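*Asks:*
Chains as they are written, first to last, in our numbering: chain A, 6 to 314; chain B, 3 to 255.
#1: Are the C-beta of residue 19 of chain B and some C-beta of chain A separated by less than 9 angstroms?
#2: When burial is assigned at 16 or more other CB atoms within 10 Å of the CB, is residue 3 of chain B buried or exposed?
#3: Which word fits residue 171 of chain A, buried or exposed, when buried means at least 16 other C-beta atoms lie within 10 angstroms of its C-beta?
#4: Nearest to residue 208 of chain A by CA position, among A:28, A:29 and A:37, is which residue?
#5: Quick check on residue 105 of chain B - is its C-beta less than 9 angstroms from some C-beta in chain A?
#6: Identify the continuous alpha helix (DSSP H) that holds residue 68 of chain B and give its terminal residues.
#7: Run through DSSP, which three-state label would residue 217 of chain A get?
#8: With distances taken between CB atoms, is the gap from residue 300 of chain A to residue 199 of chain A smaller than 9 angstroms?
#9: Counting only Cβ pairs nearer than 7 angstroms, list the residues of chain A close to residue 4 of chain B.
#10: Kindly indicate which three-state DSSP category residue 204 of chain B falls into: helix, strand or coil?
#11: Name, please, each residue of chain A whose Cβ falls closer than 7 angstroms to the Cβ of residue 109 of chain B.
#12: With a 10 Å radius around its C-beta and 16 neighbouring C-beta atoms as the bar for buried, classify residue 48 of chain B as buried or exposed.
#13: For chain B, find out if any of its Cβ atoms is closer than 9 angstroms to the Cβ of residue 57 of chain A; answer yes or no.
#14: Where do the ends of the beta strand (DSSP E) carrying residue 177 of chain B lie?
#15: Just reading off the alpha helix (DSSP H) that residue 101 of chain A is part of, what are its end residues?
#16: Hey, could you find the ends of the beta strand (DSSP E) residue 202 of chain A is sitting in?
#17: Which two residues bound the contiguous alpha helix (DSSP H) that contains residue 130 of chain B?
#18: Does the beta-carbon of residue 142 of chain B have 16 or more other beta-carbons within 10 angstroms, so that it is buried, or is it exposed?
#19: Going residue by residue through the segment 33-69 of chain B, where are the continuous beta strand (DSSP E) segments of at least 3 residues, counting only ones entirely within it?
#20: Is residue 99 of chain B close to chain A, meaning its C-beta is less than 9 angstroms from at least one C-beta of that chain?
#21: Rounding to the nearest angstrom, what Cα-Cα distance links residue 255 of chain B and residue 54 of chain A in this structure?
#22: Under three-state DSSP, which class holds residue 257 of chain A?
#23: Taking the C-alpha atoms as reference points, what is the distance between residue 287 of chain A and residue 246 of chain A?
#24: Run down chain B in chain order and give the residues with a C-beta less than 8 angstroms from the C-beta of residue 88 of chain A.
#25: Measure the Cβ-Cβ separation of residue 176 of chain B and residue 185 of chain B and say whether it is below 9 angstroms.
#26: If I follow the unbroken beta strand (DSSP E) through residue 295 of chain A, where does it start and stop?
#27: Hey, residue 213 of chain A and residue 24 of chain A are a contact pair by Cβ (cut 8 angstroms); roughly how many whole angstroms apart?
#28: Indicate whether at least one CB of chain B lies closer than 9 angstroms to the CB of residue 35 of chain A.
#29: List the residues of chain B whose Cβ lies closer than 8 angstroms to the Cβ of residue 150 of chain A, in chain order.
#30: Confirm, please, whether the CB-CB distance from residue 251 of chain B to residue 112 of chain B is below 9 angstroms.
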């Protein structure tokens, strides 16, 4: 659905994008991750037709960005990180204006606006001037604005960064409900959010794609399993950690007070041997858990490697 | 064709932000006041206490020519100033606020976006100038004698062309600038440049300012045509808009 090939973009001597390749399959919610300044916003702005690449190609649903930007904008919805509005307009008037720009009929606009304002929980504020809206309300109105023409693909730049916990939960639910209706490309630095709603993930660093895959495949491929345990006292934790460090299946062992964290590279063997090692060392365990590898572990591992290079 | 959708929004915005009202009120007030000032300024001067003997007799009686001269002087000064003030933020403000990005990510051509802004400003100045002209014509009729409609319309048409030169040049400055403050600086520099070039002896014949004197002559029946100034002014409007479009179409918002 969204294809980006060898995209380059420079701002003076700064290389914002350095040969970025990305493929977002139809119907997926794609989490676009990367540290600050990695090129996420630049990529989205290029796709939205607001910035020009130095070279490379981008297309959405087979429509090439360079060939027909106007046709592309009919298929795309775009929510910038800080959506801006005309303060003198009401949400209804703003959405109506955008609906007109997309050529919707009066009846289509009326129905769509009613539905969208309900969706983003702004129905009660429909007649208030946008100038008095909070940042969270603006973010939600921005999402409604991006959806006004039922786009095939939606570009969301940090859609939940300005929201409070409840607003964030609602926004993520709304995005999750779009699964299957349209393709979503969502940039974020909140890994837990991406992990929650995205079924495909791309990690970008210094303008290049480090890795992209289905979320589960990525976790399986890169995340190393982790065991955490809480011992009766700090001395026991230190003693057990010393024994664990020499085990061939232990990749890293860290101690923090009474807590021990073990990253392993042979999960089957570790599962068999880790508890017997505690028994052998006469360690009393208050808690023991095999942690599910998280996207954060993968992200730190991959972006750390990239930064080291 | 989204030109008319954007134009509608621009006109609504001018109404809501009271910009339309400000321009209309200012030009209507100066239109009305011009014949009044022409009529009563000599009277006021004569009524100054302790006026040296004989001086009052030297103050000439006001005529229709004074009313027209006052009208042209007021409108040219304040019309140009308003043209610059109303246009300087047109594009720069949208870029600075981020609304340009929200709109230009839609199927709106940048040319449509620019032309709609120019058209909205042109309509505002046309309507406001019409109000001012109506007021001037009516009070001139009451205080002096009727102005011939045709030549008076021609005077206002020429003034409108001159205003639109300043609107187009300021719109170009607003497109070039990233912020409103920079746009204001550029606009005033542009305004001074146009005025400065127009005051050079050999170039005066081509300057938009020459349209005011030609118009005044037309209204009073002693016209000194300045066709080169009209062609240069129309060409300047086109050139400024074309330059704004060429800049804007490659600009990142």
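Cβ atoms here follow ideal geometry from the backbone N, Cα and C, with glycine treated the same way. Quick caveat, the model's predicted, so the values are computed rather than measured.
*Replies:* So, to answer that:
#1: Numbered from its first residue, the second chain carries residue 19 of chain B at position 17. Closer than 9 angstroms to some Cβ of chain A, the Cβ of residue 19 of chain B qualifies, so yes.
#2: Locating residue 3 of chain B in the second chain gives position 1, counting from the first residue. Counting Cβ neighbours within 10 Å, residue 3 of chain B comes out exposed, since fewer than 16 surround it.
#3: Here residue 171 of chain A corresponds to residue number 166 of the first chain, with the count starting at 1. Exposed, since its Cβ has fewer than 16 Cβ neighbours within 10 Å.
#4: Here residue 208 of chain A corresponds to residue number 203 of the first chain, with the count starting at 1. Ranking the options by Cα distance to residue 208 of chain A, first place goes to A:37.
#5: Translated into positions along the second chain, residue 105 of chain B becomes position 103. Residue contact check for residue 105 of chain B against chain A: a CB pair falls below 9 angstroms.
#6: As a first step, residue 68 of chain B must be located in the second chain, where it is residue number 66. Here the alpha helix (DSSP H) through residue 68 of chain B covers 66-89.
#7: Numbered from 1 along the first chain, position 212 holds the residue referred to as residue 217 of chain A. Looking at residue 217 of chain A - three-state DSSP - the assignment turns out to be strand.
#8: Here residue 300 of chain A refers to the residue found at position 295 of the first chain. Here residue 199 of chain A refers to the residue found at position 194 of the first chain. Yes, the Cβ-Cβ distance between residue 300 of chain A and residue 199 of chain A is below 9 angstroms.
#9: The residue labelled residue 4 of chain B in the question sits at position 2 within the second chain. Going along chain A in sequence order, the residues near residue 4 of chain B (Cβ under 7 angstroms) are 106.
#10: Translated into positions along the second chain, residue 204 of chain B becomes position 202. Looking at residue 204 of chain B - three-state DSSP - the assignment turns out to be coil, as it is neither helix nor strand.
#11: Counting from one through the second chain, the residue named residue 109 of chain B turns up at place 107. The contacting residues are 75, 78, 79, 106 and 107.
#12: As a working note, residue 48 of chain B is residue 46 in the second chain. The residue is exposed, with fewer than 16 neighbouring Cβ atoms inside 10 Å.
#13: Sequence index remark: in the first chain, residue 57 of chain A carries index 52 (1-based). It does; some Cβ of chain B falls within 9 angstroms.
#14: Stepping through the second chain from its first residue, residue 177 of chain B is reached at position 175. For residue 177 of chain B, there is no enclosing beta strand (DSSP E); the enclosing alpha helix (DSSP H) has its first and last residue at 151-178.
#15: On the first chain, position 96 is the one that residue 101 of chain A refers to. Start and end: 96-106.
#16: As a position in the first chain, residue 202 of chain A is number 197, starting the count at 1. Note, residue 202 of chain A: premise wrong, no beta strand (DSSP E); alpha helix (DSSP H) at 196-202.
#17: Counted from its first residue, the second chain places residue 130 of chain B at position 128. First-last of the alpha helix (DSSP H) with residue 130 of chain B: 112-145.
#18: One-based indexing of the second chain puts residue 142 of chain B at position 140. That one is buried.
#19: Listed in chain order, nothing qualifies, since the segment 33-69 of chain B has no complete beta strand (DSSP E) run of 3 or more residues.
#20: Reading the second chain from its first residue, position 97 is the one you call residue 99 of chain B. True, the Cβ-Cβ gap to chain A drops below 9 angstroms.
#21: Position 253 of the second chain, counted from the start, is the residue given in the question as residue 255 of chain B. Position 49 of the first chain, counted from the start, is the residue given in the question as residue 54 of chain A. Going by the C-alpha atoms only, they are around 9 angstroms apart.
#22: Taking the first chain and counting its residues from 1, one reaches residue 257 of chain A at position 252. Reduced to three states, the DSSP call for residue 257 of chain A is strand.
#23: Along the first chain, read from residue 1 onward, the residue named residue 287 of chain A stands at position 282. Along the first chain, read from residue 1 onward, the residue named residue 246 of chain A stands at position 241. Rounded to the nearest angstrom, the two C-alpha atoms are 13 angstroms apart.
#24: As a working mapping, residue 88 of chain A is identified with position 83 in the first chain. Close partners of residue 88 of chain A in chain B (Cβ separation under 8 angstroms): 100 and 104.
#25: Here residue 176 of chain B refers to the residue found at position 174 of the second chain. Here residue 185 of chain B refers to the residue found at position 183 of the second chain. Cβ atoms of residue 176 of chain B and residue 185 of chain B: closer than 9 angstroms.
#26: On the first chain, residue 295 of chain A is found 290 positions in, with the first residue counted as 1. Taken as a continuous stretch (DSSP letters only), the beta strand (DSSP E) holding residue 295 of chain A covers 290-296.
#27: As a first step, residue 213 of chain A is located in the first chain; it is residue number 208 there, counting from the start. As a first step, residue 24 of chain A is located in the first chain; it is residue number 19 there, counting from the start. 6 angstroms between Cβ atoms; contact.
#28: Translated into positions along the first chain, residue 35 of chain A becomes position 30. Residue 35 of chain A does not count as touching chain B.
#29: Against the first chain, residue 150 of chain A aligns to sequence position 145. Result: 104.
#30: Reading the second chain from its first residue, position 110 is the one you call residue 112 of chain B. Reading the second chain from its first residue, position 249 is the one you call residue 251 of chain B. With contacts defined as CB atoms closer than 9 angstroms, residue 112 of chain B and residue 251 of chain B qualify as a contacting pair.
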